[in-house]
Every structure is written in structure tokens, then in C-alpha cells.
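Encoded as C-alpha cells, the structure appears first; notes follow it.
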Amino acid sequence: MGIEKTLVDRKVGDFCELQRDTITNSKSRKKNRRRPKKTVSPVQILFETCKDVFSSGGVGIVPPPQDIEKLQSVLDGIKPEDVGLTPNVPYILTNAEQRISRITYLHIYECENFSMGIFCLPPSGVIPLHNHPGMTVFSKLLFGTMHIKAYDWVVDLPAGSPTIIKPSENLVPETRLAKVKVDADFTAPCNPSILYPADGGNLHCFTAVTACAVLDVLGPPYSDPDGRHCTYYQNHPFSRFSVNGIFIAEEEKKEYEWLQERVLPDDVEVVGKMYNGPMIVDN
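Under UniProt numbering, the first residue of the sequence shown is numbered 1, with each subsequent residue one higher.
Have a look at this one:
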């Protein structure tokens with residue numbers, strides 16, 4: 001019994017010594033241990049960047065050049081999988097017999113300063129020519145090939161012209177002269193495009209050459225109560241109408257078109273679907 005008690009006492013003592021050493025070493029290891037970095041999704045980074053870039057924005061206010069570059073860089077790194085998309089999602093695969101151009105919109109986020117969303121277009125799908133009043137718009141083609149035609153209003157042709165150049169015919173309502181800024185195909189991956197309130201192609205039309213998706217960031221977003229309506233247009237060649245006091249050389253006429261307001265065409269349908277990408281945390 002005496003030997004067993006001695007062994008027990010020794011083991012308890014040894015354990016106590018071991019426990020003290022273990023505690024000391026454990027504390028040392030905890031001090032040296034690096035906490036694993038929390039992974040932040042690309043769409044969360046985009047959201048945080050938009051909050052910063054558009055924090056002091058407003059109608060007609062363009063963010064500073066360094067902010068434009070920062071947001072453009074973040075968008076440039078966004079891939080389809082970052083927003084939960086693949087080129088074979090069912091709602092962009094349509095058959096040739098479909099008569100209505102069904103566009104799918106995935107709403108990501110919206111506040112009074114900016115909005116984020118994705119338009120998915122089936123082959124030959126069209127987002128009709130429309131404007132972005134007082135907005136700065138960033139568009140990132142995620143996949144596919146898209147034809148973009150974009151315009152700016154003509155306000156300075158020639159020197160001394162009226163602010164808004166309209167055709168001479170009084171029978172043409174709500175029609176103005178615009179200059180073509182972009183008329184080309186774009187295939188992902190490609191650089192994000194930027195539209196400014198008064199230049200860069202503030203009015204544009206998207207036509208899907210193949211199934212495609214485009215991520216849009218608008219600052220500020222559309223708002224009917226605040227007068228930022230989405231207006232649609234029909235384009236006409238320059239030769240369709242005339243205007244007094246303006247001469248454009250024959251070889252330059254193809255760069256100008258008349259844009260006439262219209263309602264959304266009946267053969268276009270925009271359907272909202274649930275965004276299934278990483279969720280945004282708005283702290």
C-alpha cells in the first residue's frame with residue numbers, strides 16, 4: 001500500500017509539472033498562432049467598393065478618377081462563378097421558335113446611391129436602346145458575345161447650335177440628334193465599359209450574339225419618384241430627317257442618328273429571377 005501511494009503521489013506530481021509546462025507552451029503557441037483569414041467573396045468586395053465610390057455621389061455627379069479606376073479594377077476580376085452563374089443556365093437557352101426576347105434580370109442589391117444586377121440574354125436577345133439619366137454606369141460582360149451600340153446626345157454641332165438639336169419637321173415628336181460612340185461586338189473576357197452622365201455612350205442597346213450575361217452597376221439607380229426614368233428609343237438614319245442650320249459632311253453622316261422616344265417593344269420581356277450567388281452582408 002505504501003509503494004502504491006508513493007507511485008500515485010509521484011504521478012500526480014509529474015502530471016502537475018506536465019500540466020504547468022503544457023499550459024506555458026500552449027500560451028506561447030497561441031501567441032504565435034495566426035488566426036485564419038476570413039474569406040471575402042468577390043461580390044462582397046464589389047459591394048464594399050460601390051459603397052465607397054458612390055457614398056458622396058448623386059445625379060450627374062461622376063466619381064473621382066481614382067474611384068472610377070478602383071471600381072473598374074474590381075469589376076474586371078469578377079468571373080461568372082463569383083456570382084453563381086454558368087453559361088448553360090436554363091433561362092438563357094432558348095429555341096429558335098421563341099418569338100419574345102425574354103431577358104432575365106437577377107437583382108443583387110439596391111440602395112439610394114447605387115444598384116447591382118445581372119442581365120442574362122439568350123442568343124439574339126435584345127435589350128432595346130435606352131438611357132441612363134444622370135447616371136454613371138459600369139458594365140461587365142461575364143460570358144458570351146454581345147453587340148453593343150451606344151450613343152451620346154449631340155449638343156455642340158456646330159458652334160452656336162441649340163442645346164438640343166431636333167429635326168425641322170414639326171410632326172416628329174420627342175426626337176433628338178445623337179452621335180454613335182460604340183458599334184461593335186464584345187466577347188468575354190473583356191474590359192468593363194463605363195458610361196458617364198453626358199458622354200461615353202449614355203444611351204445603349206445590347207444584342208446577344210451568343211447566350212451572354214452582363215453585370216451592371218448603376219450610380220445612382222433608376223428612380224421614378226426622383227425623375228430618373230428609363231426611356232426607350234427608336235433609332236433613325238441621319239438622312240431620315242433634316243435640321244435647319246446644321247451641315248454634316250456626307251462621309252460623317254453615318255456617325256449620326258436620330259433617336260425617337262418609344263414605349264418598350266411588345267416583343268421584349270424582362271423576367272426577374274432569384275440571384276443565387278454569394279449573399280452580400282450590409283454592415
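We treat Cβ as the ideally placed atom computed from N, Cα and C, and that holds for glycine. Keep in mind it's a predicted model, so treat the numbers as computed, not measured.
In the three-state scheme derived from DSSP, where H, G and I count as helix and E and B as strand, residue 265 is classed as coil. With a cutoff of 8 Å on beta-carbon distance, residue 201 and residue 182 are scored as near each other. Where residue 241 is concerned, there is no enclosing beta strand (DSSP E), because DSSP gives it neither an H nor an E. Annotated three-state conformation of residue 49 is helix, per DSSP. Scanning the segment 48-135 for uninterrupted beta strand (DSSP E) segments of 3 residues or longer gives 101-110, 115-121, 126-130, listed from N- to C-terminal end.
Excluding the 5 residues flanking it on each side, residue 86 has same chain C-beta neighbours closer than 7 Å at 80, in chain order. Under the Cβ criterion (8 Å, minimum of three pairs), the segment 172-189 does not count as touching the segment 58-74. From the listed residues 218, 153, 114, 237, the smallest Cα separation to residue 198 is found for 153. Under the criterion of beta carbons closer than 8 Å, residue 221 and residue 110 qualify as touching, at roughly 6 Å.
Counting C-beta atoms within 10 angstroms of its own C-beta, residue 270 has fewer than 16 neighbours from the protein chains shown and is therefore classed as exposed.
One thing to note: residue 91 has its Cβ within 8 Å of the Cβ of residue 273.
When secondary structure is reduced to three states using DSSP, residue 257 falls in the strand class. In the DSSP assignment, residue 146 falls within the unbroken beta strand (DSSP E) covering 145-153. The criterion of a C-beta distance shorter than 8 Å is not satisfied by residue 207 and residue 263. It is roughly 25 Å from the alpha-carbon of residue 177 to the alpha-carbon of residue 223.
In the assembly as shown, residue 229 is an exposed residue. Its beta-carbon has fewer than 16 other beta-carbons within 10 Å.
By the CB criterion at 8 Å, residue 203 and residue 138 fall outside the cutoff. If you draw a straight line from the Cα of residue 249 to the Cα of residue 195, it comes to about 27 Å.
Secondary structure note for residue 280: it is in no beta strand (DSSP E), with a DSSP letter that is neither H nor E. Counting along the chain, residue 204 sits inside the beta strand (DSSP E) bounded by residues 203-208. Note that the C-beta distance between residue 218 and residue 114 is below 8 Å.
Exclusion of the five residues before and after residue 131 leaves 202, 203, 230, 231, 233 as the residues of its chain whose Cβ lies within less than 8 Å of its Cβ. Residue 212 sits buried, since 16 or more C-beta atoms from the chains shown fall within 10 Å of its C-beta. Residue 56 counts as exposed, since fewer than 16 other beta carbons sit within 10 angstroms of its beta carbon.
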